[in-house]
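Participant: This structure is in structure tokens; I'll ask about it shortly.
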Amino acid sequence: MARSNRNRQVVPESRQMLNQMKYEIAAEFGLPVGYGGSSNGADTEFGSELGIMSTATSRRPGWGHLTSRDNGSVGGEITKRLVRNAEQSLFGQL
């Protein structure tokens with residue numbers, strides 16, 4: 001049986017924006033996913049200003065050490081923000 005890829009992106013050009021959003025949300029939630037010297041290009045400046053990012057986070061790069069709940073929270077927040085942005089663009093400011 002062939003496996004369909006449900007995670008394909010309809011607009012491939014959005015990959016970088018979604019990746020940046022993922023790291024920004026992780027910073028807001030205080031999740032250590034390898035900020036700082038990583039090459040993800042994420043803009044997480046506000047996270048350090050809020051005091052939720054430390055230099056120790058760069059020792060554990062990636063997402064594998066986080067719980068499914070943490071990872072799911074980031075994905076859920078991305079979806080919530082994308083839906084809100086789409087509604088605002090379709091119906092004006094809500």
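Numbered by the UniProt record's numbering, the letters in the sequence shown go through residues 1 to 94 in order. We put the CB at the ideal spot given by N, CA and C, even for glycine.
1. Could you tell me the boundaries of the alpha helix (DSSP H) in which S68 lies?
2. If distances are taken between C-alpha atoms only, which option among E13, K22, S89 and L18 comes closest to D70?
3. If the criterion is Cβ atoms closer than 8 Å, does the pair V83 and W63 meet it?
4. How would you call F26, buried or exposed, if buried means at least 16 neighbouring beta carbons within 10 angstroms?
5. Please classify Q9: is it buried, with 16 or more other beta-carbons within 10 angstroms of its beta-carbon, or exposed?
6. Thinking C-beta only, is L31 closer than 8 Å to R78?
7. Can you give me the start and stop residues for the alpha helix (DSSP H) that L31 sits inside?
8. Using the beta-carbon count (16 or more within 10 Å), is E87 buried or exposed?
Facilitator: With the structure as the only source:
1. S68 to F91
2. K22
3. no
4. Phe is not the amino acid found at residue 26; the sequence shown has Ala there. The residue in question, A26, is buried, as its Cβ has 16 or more Cβ neighbours within 10 Å.
5. exposed
6. Per the sequence shown, the amino acid found at residue 78 is Ile instead of Arg. In this structure, L31 does not lie closer than 8 Å to I78 by Cβ.
7. That residue, L31, is in no alpha helix (DSSP H); it is neither H nor E in DSSP.
8. exposed
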